[in-house]
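In the order they appear, the protein sequences are chains A, B and C. For the first sequence, position 242 matches number 473 in the working numbering, and the numbering has no gaps at all. For the second sequence, position 240 matches number 1165 in the working numbering, and the numbering has no gaps at all. For the third sequence, position 292 matches number 338 in the working numbering, and the numbering has no gaps at all. We treat Cβ as the ideally placed atom computed from N, Cα and C, and that holds for glycine.
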Amino acid sequence: MISYLVRRLLWIIPVLFAVSVITFTLMHAVPGGPWDREKRLPASVQARLNNEYGLDQPLPVQYVSWAIGFVTGDLGPSYRFQDRRVNDIVMSGLATTVQLGIMAFVLSVLVGIPLGITAALGHNKWPDYTSTGVAIIGIATPSFVLAILLIVVFAVQLGWFPTGGWKGPEYWVLPTIALAGFPIAVIARYTRASMLEVTRKDYIRTAHSKGVRNQSVVTRHMVRNALIPVVTILGPTLAFLVTGSFIIERIFNIPGVGQFYLNAITTRDYSLLMAMTMLYAFAVAFLNVVVDVLYAYIDPRIRYS
Amino acid sequence: MATVSRPIPGQIVRSRSSAGLWSDAFGRLRKNRLAIVGLVLVILLLLTGIFGPMIAPYPYDQMDLKAVFAAGGGPLPPLSPGHLLGTDQLGRDLLSRLLDGARISVSVALVVQVVIIVIGVPVGAVAGWFGGRLDNTLMRFTDVIYAFPDLLFIILLSVVFRETVLAKALDGLLVVFVAIGLTSWVTVARLVRGQLLSLKETEFVEAARAIGVSDRNIVTRHLLPNGISPILVAITLGIPAAILAEATLAFIGIGVQPPRASWGSLIAEGQKYIRSEPHLVVFPAIAIALALIGFTFLGDGLRDALDPKLKGKQ
Amino acid sequence: MARPEDATTEADAPTIIEISPADVRRVRTSAEPGLAKRRKADKLLSVRGLSTHFFTPDGVVHAVDDVSFDVDYGETLGLVGESGCGKSVSALSIARLVPNPPGRIVAGEIIFDGIDVLKLNDEDMRGLRGKEIGFIFQDPLTSLNPTLTIGYQIAEPIRQHMTLSQKAAIDRVVELLSKVGIPRAKDRLNDYPHQFSGGMRQRVMIAIALSCDPTLILADEPTTALDVTIQAQILELIQKLSDEFSTAVLLITHDLGIAAGMCDRVSVMYAGRIVETGTVDELFANPRMPYAWGLLDSLPRLDDVRGDRLRTIEGMPPLLIEPPDACRFEPRCRFSRDICREREPDLTPRENPLHQARCWATEPDGWIA
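Pasting the structure below:
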């Protein structure tokens, strides 16, 4: 188990390396440079700036110096915000984004799994219909649409919540729901399918034949086995939360790390862009490893083999 | 009474009229009501996307500023004369723009899957068939692609290609399609590889080999037809993801260029009028919802119908 | 012929063991102490006219149709028949474990230990399951929960039905495991099913079935999923333990050899019906129904010539949807006559009143002597 975990974690390194190379190359393939503004700067000024920031070096050299900086924790200067270092920029928003992601994840799991379980237990009766209905709405509504609807109904019309910003708990509610909408639906559907499959298994019949109460059969035999496959979709769910958060941050004006991504691309802020991409890639890769290891751990057939 | 549901005993011999995998599956599909709903929606979408713009009342970019000013300066509501679903603030007919959006969504669905198949199937087939080091390298490569945060990567690719010839194609959409395809082929590749790996060891491969069928023929004529069902399901279920990705990108302004009307960009444009003229957001949102629901139900239905575990049971 | 184990004192044990070729089962006497204290009714299990149907989109499947049989305290009854004849469903019906939907017990009476099972409420029925009625299922791999330790799974019925302290329950589990022949039982309590071999898993199932000392065990093809070499061990174990605890066994099997070796009496099922019933001796020596003849005939024999074809019963069992009023075996029967197609025969006694058969031909006034 431990060796599996270590191997998986180490594997992240070459993956991140490949991601960085690809991103770096693509980044420099975007025409234009970081100095493009509405006003064109005189060529001499551009040349001087390029020299200062090392942009006149050949690409491989630039990459290596970036890599060295990255590994030592220095993410470089921001090209756009010239008086700030990328480290500071990222740090200023990281906690917010992580908080949003965690809240959305917890909400997805706490709502999605029970929804799926009740749907399966009330198969073809009203609990099934209502939770399947909720799930359908979840998959049919893109997160940005859900965000807009939530804002219009609960912030503008009813005035219960603010329309944007991140200044306190009341600011957290709508963005979290908007982000969690799709994962709730996916998790609920998956849990329902898994539960239904477990219901047909022989060992459930054995449990009944022992005279175990229905309640206990559900909680101790069905749920436990049904949740194991559900863990496998937590990986993609987390990946979705990581990448989807930046849209939500834009719509709700949340000062997280996502707002920088799009701007970094359009303004060719190379170092910020590299940092953002590496951050997201690392998050996805790392969370996937956590999920895989969790899966191997909770299934006794894998843990003790 | 214990409430478990199990296959039915006591049903001994049933003579099956045609034992083909497809006819069995089709029969099961027909009985699945949700799947039929999905199929209907999908067909509706395809028809609308292909023929819709031809029968649209107006070209999607035709403005009617006179009518707008006459009504007070804002978008016209639904059931206005000549505009069944209303117009936007420039007087462009919403219904016609929705039909254009349908065409875009259908293109997304098809083109992206073509890209996925063109890249994913060969990669997976090669990895699965040859195994060994080639398999390993290819799988490591797919791990890297898989690790990319997709949306972000699509944006990057779209912006990168924006200035190239590719970008001009299809009003900026081809870029997006290719970008989405480049990040989504991994699942199909892995599926194809998995199918080949398991089928490779079976007996009919040995038999085919014994009578001298070439390796390539074995793969294309024997293994692929049998292994194709999970791939078909994956493709169908991958379409909603592609449509969603395109809509999200259009919403933030990447991909489709105005005046073309992807449903995502319609929502972005309609945002500001949402309190007074919600139809600008509601109708595109409904369109997106129906497309996503349709393909998801159909995909689910296909998966249930083609599931070998359910074969022979009711 | 008495066997050494049946002797009540050592002085009675014969020094020379004479066993006749037919003497392969143990002999029961009603003087056995265990039985006397348990006996609450005339018979332990009395099934009368049981009909269990499955309501499917294609029609109503008469999986079990008007089936009657008895099991006495401590006796082993065999329910024999090919796949799909309704024997498993009959056993599930007794414990009311038939999946509903789509199945339902539509008629009949099941009296277990003096209790009318079909009239029990769910709570009381649950009290019987696992406590008075133990189940051994066919495939131990799928019948055990892969995510719970076997110690837990064996202890489950104990904790449900018996009031024992934690420690006493554990002790009992260990004792059960040793009794079913699992070595180092104490160390294996926290192991998971996949860590055991097939035969050992079935032993665990047996331990579960016996955990609360039931009066009846329903064993549904307990050895079919196991290696041939293990089968004999498991059957021996079941026999030994049911003797030791004076437990009645309803043994379901398609294997005549197993029925011959394990059972006191046998009921043969075909297409949802009982078609013949009697003691093992009677049935194997003098079957009175063409299906039984076919079954016995189809068994390979030591004196068969190599190269001869195996003898089979031609044809296939019928669909059980809305069966007509005719003998269900008739399409495959060599001896059938018109009356077999017109009316279904009843289960009637033959020379020995305990030996019953369902066949026009072998009735006292039938056309086969």
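Compare the C-beta of residue i against all C-beta atoms of chain A and say whether one is closer than 8 Å.
i: C/G176; result: yes
i: C/F291; result: no
i: C/P67; result: Residue confidence is low: C/P67 scores 43 on pLDDT, short of 50, so the model does not pin down where it sits. No coordinate-derived value is stated.
i: C/R72; result: In this prediction, C/R72 has a pLDDT of 44, which is less than 50 and means its spatial position is unreliable; what the coordinates show is noted afterwards. Chain A contact via Cβ: absent.
i: B/G1226; result: no
i: B/S930; result: Residue placement at B/S930 cannot be trusted, given a pLDDT of 35 that sits under 50; what the coordinates show is reported in the next sentence. Yes, contact with chain A.
i: C/S189; result: yes
i: B/R1115; result: no
i: C/T193; result: yes
i: C/Q212; result: no
i: C/P410; result: no
i: B/T1062; result: no
i: C/R334; result: no
i: B/A1214; result: yes
i: B/G935; result: With a pLDDT of 40 at B/G935, under the threshold of 50, the modelled position of this residue cannot be trusted, and the question is left open.
Based on Cα-Cα distance, which residue from the options lies nearest to residue i?
i: C/R311; options: C/H300, C/D185, C/T325; result: C/T325
i: C/I359; options: C/L348, C/R380, C/I200; result: C/R380
i: B/I1080; options: B/L1217, B/P1184, B/L1174; result: B/L1174
i: C/T293; options: C/K133, C/V219, C/E178; result: C/E178
i: C/Q279; options: C/A153, C/P369, C/I228, C/G95; result: C/I228
i: B/V993; options: B/H1008, B/V1117, B/L970; result: B/H1008
i: B/G1045; options: B/G1163, B/L969, B/L990; result: B/G1163
i: C/T122; options: C/S313, C/R175, C/T209; result: C/S313
i: C/C386; options: C/P395, C/I367, C/E409, C/Q402; result: C/E409
i: B/P1209; options: B/R1228, B/S1005, B/I1168; result: B/I1168
i: C/Y316; options: C/S224, C/E376, C/R234; result: C/E376
i: B/A1214; options: A/Y434, A/A424, A/G364; result: A/G364
i: A/I253; options: B/V1100, B/L1121, B/S1032, B/F1066; result: B/F1066
Quick check on the DSSP output: the beta strand (DSSP E) that includes residue i runs from which residue to which?
i: B/Y983; result: Looking at the DSSP string, B/Y983 is not in any beta strand (DSSP E), and its letter there is neither H nor E.
i: C/R150; result: 149 to 158
i: C/G105; result: 105 to 117
i: C/L96; result: 91 to 102
i: C/F181; result: 179 to 182
What does residue i pair with, by DSSP beta-bridge criteria?
i: C/Q402; result: C/T323, C/P395
i: C/V295; result: C/T122, C/I263
i: B/D1018; result: B/T1012
i: C/G312; result: Gly is not the amino acid found at residue 312 of chain C; the sequence shown has Val there. Beta-bridge pairing links C/V312 to C/G124, C/G324.
i: A/P308; result: A/R316
i: A/I333; result: A/I333 is not bridged to any residue.
What residue does the alpha helix (DSSP H) around residue i start on, and which one ends it?
i: A/I415; result: 400 to 430
i: C/I196; result: 196 to 207
i: C/R383; result: Unbroken run through C/R383: none, as it is neither H nor E.
i: B/K882; result: Any question about residue 882 of chain B goes unanswered here, given that chain B covers just 926 to 1239.
i: A/T463; result: 455 to 463
i: A/P245; result: 233 to 260
i: A/S275; result: 274 to 283
i: A/G300; result: 290 to 302
Does any residue of chain C bring its CB to less than 8 Å from the CB of residue i?
i: A/P531; result: yes
i: A/S476; result: no
i: A/T437; result: yes
i: A/S440; result: yes
i: A/Y434; result: yes
For residue i, decide whether its Cβ has a neighbour in chain B, counting only Cβ atoms nearer than 8 Å.
i: A/V387; result: yes
i: A/I485; result: no
i: A/R534; result: no
i: A/T327; result: no
i: A/N358; result: In the sequence under discussion, the amino acid at residue 358 of chain A is Pro, which differs from the Asn named in the question. Closer than 8 Å: no.
Would you grab the beta carbon distance between residue i and residue j for me? Rounded to a whole angstrom, and I think it's under 8 Å.
i: B/V1051; j: B/F1222; result: Not confirmed; about 34 Å, so no contact.
i: C/S243; j: C/A153; result: C/S243 to C/A153, Cβ: 43 Å. No contact.
i: B/S1187; j: B/A1170; result: No, B/S1187 and B/A1170 are not in contact; Cβ-Cβ is about 11 Å, not under 8 Å.
i: B/F1220; j: B/P1165; result: 5 Å
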